[in-house]
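Residue numbers for the sequence shown follow UniProt numbering, beginning at 1 and rising by one. Even glycine gets a Cβ: it sits at the ideal position worked out from N, Cα and C.
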Amino acid sequence: MEEEKNIPQEILEEILVKLPVKSLSRFKAVTREWRGTIESTYFVEKQVLYQKSLGGSQASIMALSKRKTDDGVHGLLVVENILCSAKGIVHGSPYLPIKAFRSYNDYKISEPCDGMFCLYTDNNRASTVDTFIIVNPASTSRRTLPNPIGRYEDDCFISLAGIGRENSVSRRYKLVLFYEHCVPKATKASWPSGKGVTAVTSATWV
């Protein structure tokens, strides 16, 4: 019986790192070892760097549009990840389709980081619950955050939101909100302990 030959780990990583997330999501089901490799922090960082190296020839554009459901009553916010090159739109996109969101009035988009962004609403009322949804279009993962504590008073609104990494090594991301007051005053908002923007791991986001 011919002895089974395994692909060396370093060669396997070099092959997998060049694949789009759409394919990696499928290959995680091949073996437990493959899943462990693909979900490791080291591999995620390597894959992100490789995708960024392609930035000179390709660009990913997020297109948002509002549509009605079949009943014509409820609204949907459709997010499409479009890949473009110097020759135009690349058909047969390597990205996974993103499930449509329930449509809210006055949806806003945060500044992105590593492709991730936040969809949020600002009702400009302290007594009203806003919506904060972190989206990773590469893997189609999403996470809804609770309203921050002590967010603001009725004379305050969110002027800008952005996502950032703690440093170049950490895989921990934070959502930062900038407020503006109609009447200048100091304010501070935070998320409940354990319910805010926690470490975003490869197991969750790839």
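Three-state secondary structure (DSSP) at residue 44?
helix
Does the beta-carbon distance from residue 113 to residue 134 come in below 8 angstroms?
no
Residue 274 (DSSP reduced to helix, strand or coil):
Here the chain covers residues 1 to 206 and nothing more, so residue 274 does not appear.
Quick one, which of 82, 110, 64 and 84 has its alpha-carbon nearest residue 101's?
64
Apart from the five residues on each side of it in sequence, which residues of its chain come closer than 6 angstroms, Cβ to Cβ, to residue 37?
43
Coarse secondary structure for residue 36, derived from DSSP in three states
helix
Roughly how many whole angstroms lie between the Cα atoms of residue 98 and residue 79?
6 angstroms
DSSP state of residue 173, grouped into three classes?
strand
For residue 133, report the span of its beta strand (DSSP E) as first-last.
132-136
Integer-rounded CB distance, given that residue 66 should sit under 8 angstroms from residue 49
In fact, because the Cβ distance is near 35 angstroms, the residues do not count as touching under 8 angstroms.
Taking the beta strand (DSSP E) that residue 19 falls in, what are its first and last residues?
Premise fails: residue 19 is in no beta strand (DSSP E) and is neither H nor E.
Whole angstroms is fine: what's the gap from residue 131's alpha carbon to residue 145's?
7 angstroms
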